[in-house]
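Asks: Sharing a structure here in structure tokens format.
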Amino acid sequence: MWPVTVPPWLDRAADRLDAPLERATTLGDSGMRLTRYSPLPGYDESIVYRDSNRTLYVPDALGTAPFYTVGAERLACYGVLRLRPPRELFAQFDPDRILVGHGTGVFDDATATLQDALDGARRRFPAALRRHGLTQLRGLVSALW
């Protein structure tokens with residue numbers, strides 16, 4: 712059985728796997744590096760970036776699914792994360808494409824789209840709360856417990 716690479720900070724994921732584990736912040740020689748994002752107690756996520764093709768992978772913090780976005784947004788921060796958008800975290804990346812865990816990836820103007828999502832996060836929070844607040848609260852509670 713092949714080992715599964717799990718970042719050191721994702722303890723809950725390791726408990727759910729029935730395979731040998733390898734703890735690492737890179738994925739072998741793939742050029743993919745993992746960065747920890749912990750915006751709330753109990754919420755840990757791994758952001759993955761591959762320099763060679765400038766691809767950013769974001770499982771939950773950003774999304775394009777209808778329950779993330781409002782108005783003309785192409786990419787948005789998840790619910791309460793809009794209050795403190797992770798600008799510093801994403802400043803280190805210059806993506807050509809962004810793949811998300813919820814929605815379709817961003818393949819055109821990815822860096823500008825990411826910047827717009829972060830810059831407009833707080834301003835668009837009230838609209839997002841009205842439109843998606845209950846749905847996102849249920850999802851967050853379900854994921855944390």
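Residue numbers for the sequence shown follow the working numbering, beginning at 712 and rising by one.
All C-beta atoms, glycine included, are put in the ideal place defined by N, C-alpha and C.
#1: Between the alpha carbons of residue 755 and residue 785, how many angstroms are there, rounded?
#2: What does the alpha-carbon distance come out to for the pair residue 818 and residue 722?
#3: Three or more beta-carbon pairs under 8 Å between the stretch 787-803 and the stretch 755-772, yes or no?
#4: Is residue 800 near residue 746, with beta carbons less than 8 Å apart?
#5: Just to confirm, are residue 761 and residue 739 a CB contact at a threshold of 8 Å?
#6: What would DSSP say about residue 808, mapped onto helix, strand or coil?
#7: Does the CB of residue 799 have a neighbour CB from chain B at under 8 Å?
#8: Which two residues bound the contiguous alpha helix (DSSP H) that contains residue 798?
#9: When burial is assigned at 16 or more other CB atoms within 10 Å of the CB, is residue 751 buried or exposed?
#10: Taking the beta strand (DSSP E) that residue 740 belongs to, which residues open and close that run?
#11: Pick from 734, 779, 725: whose alpha carbon is nearest that of residue 837?
#12: How close, in whole Å, do the beta carbons of residue 714 and residue 732 come, if the pair is a contact with beta carbons under 8 Å?
#13: Do residue 808 and residue 829 come within 8 Å of each other at the CB atom, strictly closer than that value?
Replies: A quick look at the data gives this:
#1: Counted from its first residue, the sequence shown places residue 755 at position 44. Counted from its first residue, the sequence shown places residue 785 at position 74. The alpha-carbon atoms of residue 755 and residue 785 are separated by roughly 24 Å.
#2: Translated into the one-based positions of the sequence shown, residue 818 becomes position 107. Translated into the one-based positions of the sequence shown, residue 722 becomes position 11. The alpha-carbon atoms of residue 818 and residue 722 are separated by roughly 32 Å.
#3: yes
#4: The count along the sequence shown starts at 1 and reaches residue 800 at position 89. The count along the sequence shown starts at 1 and reaches residue 746 at position 35. Against a cut-off of 8 Å, the Cβ pair of residue 746 and residue 800 comes out as a contact.
#5: Here residue 761 is taken as the residue at index 50 of the sequence shown, counted from 1. Here residue 739 is taken as the residue at index 28 of the sequence shown, counted from 1. No, the Cβ-Cβ distance between residue 761 and residue 739 is not below 8 Å.
#6: As a working note, residue 808 is residue 97 in the sequence shown. Strand, per DSSP.
#7: This model lacks chain B altogether; it includes just one protein chain.
#8: Mapped onto the sequence shown, residue 798 falls at position 87. From DSSP, the alpha helix (DSSP H) with residue 798 extends over 798-802.
#9: As a first step, residue 751 is located in the sequence shown; it is residue number 40 there, counting from the start. With fewer than 16 Cβ atoms within 10 Å of its Cβ, residue 751 is classed as exposed.
#10: Looking up residue 740 in the sequence shown gives position 29. Run containing residue 740: none; DSSP gives neither H nor E here.
#11: Along the sequence shown, read from residue 1 onward, the residue named residue 837 stands at position 126. It is 779 whose Cα lies nearest to the Cα of residue 837.
#12: Within the sequence shown, numbered from 1, the residue matching residue 714 stands at position 3. Within the sequence shown, numbered from 1, the residue matching residue 732 stands at position 21. Yes, residue 714 and residue 732 are in contact; Cβ-Cβ is about 6 Å, under 8 Å.
#13: Taking the sequence shown and counting its residues from 1, one reaches residue 829 at position 118. Taking the sequence shown and counting its residues from 1, one reaches residue 808 at position 97. Taking 8 Å as the Cβ cut-off, residue 829 and residue 808 do not qualify as a contacting pair.
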